[in-house]
């Protein structure tokens with residue numbers, strides 16, 4: 013008699029101890045990222061309303077679920093896999109393509125490299141191939157590489173001098189990650 017196949021429970025509905033092995037499948041990493049975004053937004057919503065026993069309890073439940081999923085580290089691993097070349101690459105491909113097609117004349121007339129602030133950078137070398145005409149500064153809340161500066165974009169002080177300003181700010185999935193709608197508006 014053949015065994016009944018086990019019904020798979022989506023990652024968004026199960027609790028995984030952080031000692032569990034990280035799953036590399038496209039479906040699992042996408043689910044983890046989506047669920048983490050949902051929980052992050054729900055947490056921000058709870059934190060924006062007056063404290064009560066119910067909201068504090070819900071905040072703790074959300075934080076526990078996020079940690080049980082592997083926390084920010086697993087979210088970052090899933091993001092790294094999501095931007096791998098096997099899965100389509102990172103958003104720098106789109107940005108470069110757009111700049112070359114929509115801003116060709118500006119690029120051709122430029123006398124200095126474009127300054128790019130890569131917010132939420134998962135890899136430090138997303139713009140390495142374009143270093144002759146573009147200089148990128150990668151930042152992230154929880155950097156996974158020593159060449160990515162730990163920095164909260166929302167708390168960053170804008171440069172006072174023109175020479176230190178950025179020509180482009182790349183926010184790949186950053187707006188999705190920010191939980192509070194008011195902070196998302198501040199970014200855009």
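In the working numbering, the protein residues as written are 13 to 200. For each residue, glycine too, the CB sits at the ideal point set by N, CA and C. Owing to the predicted nature of the structure, the values given are computational and were not obtained by experimental measurement.
Check, Outcome
"Just confirm the distance between the C-beta atoms of residue 163 and residue 134, as a whole number of angstroms; I'd bet it's less than 8 Å.", "Rounded, the Cβ-Cβ distance is 14 Å, inconsistent with contact."
"What residue does the alpha helix (DSSP H) around residue 105 start on, and which one ends it?", "104-114"
"Looking at residue 165 and residue 151, is the spacing between their C-beta atoms short of 8 Å?", "yes"
"State the DSSP-derived secondary structure class of residue 78, mapped to helix, strand or coil.", "helix"
"Does DSSP put residue 91 in a helix, a strand or coil?", "helix"
"Compare the Cα-Cα distances from residue 120 to each of 41, 105, 131, 144 and report the closest residue.", "144"
"Based on Cα-Cα distance, which residue from 168, 127, 183, 139 lies nearest to residue 174?", "127"
"Leaving out five residues before and five after residue 111 in sequence, what residues of the same chain have Cβ atoms less than 7 Å from its Cβ?", "119"
"Output the distance between the C-alpha atoms of residue 50 and residue 123, rounded to the nearest integer angstrom.", "43 Å"
"Near residue 12, which residues of its chain fall below 6 Å by C-beta distance, leaving aside the five closest residues on each side in sequence?", "Because the chain is modelled from 13 through 200, residue 12 falls outside the range shown and cannot be assessed."
"Is it the case that the Cβ atoms of residue 147 and residue 125 are separated by a distance below 8 Å?", "yes"
"For the beta strand (DSSP E) holding residue 131, just list the boundary residues, first then last.", "126-131"
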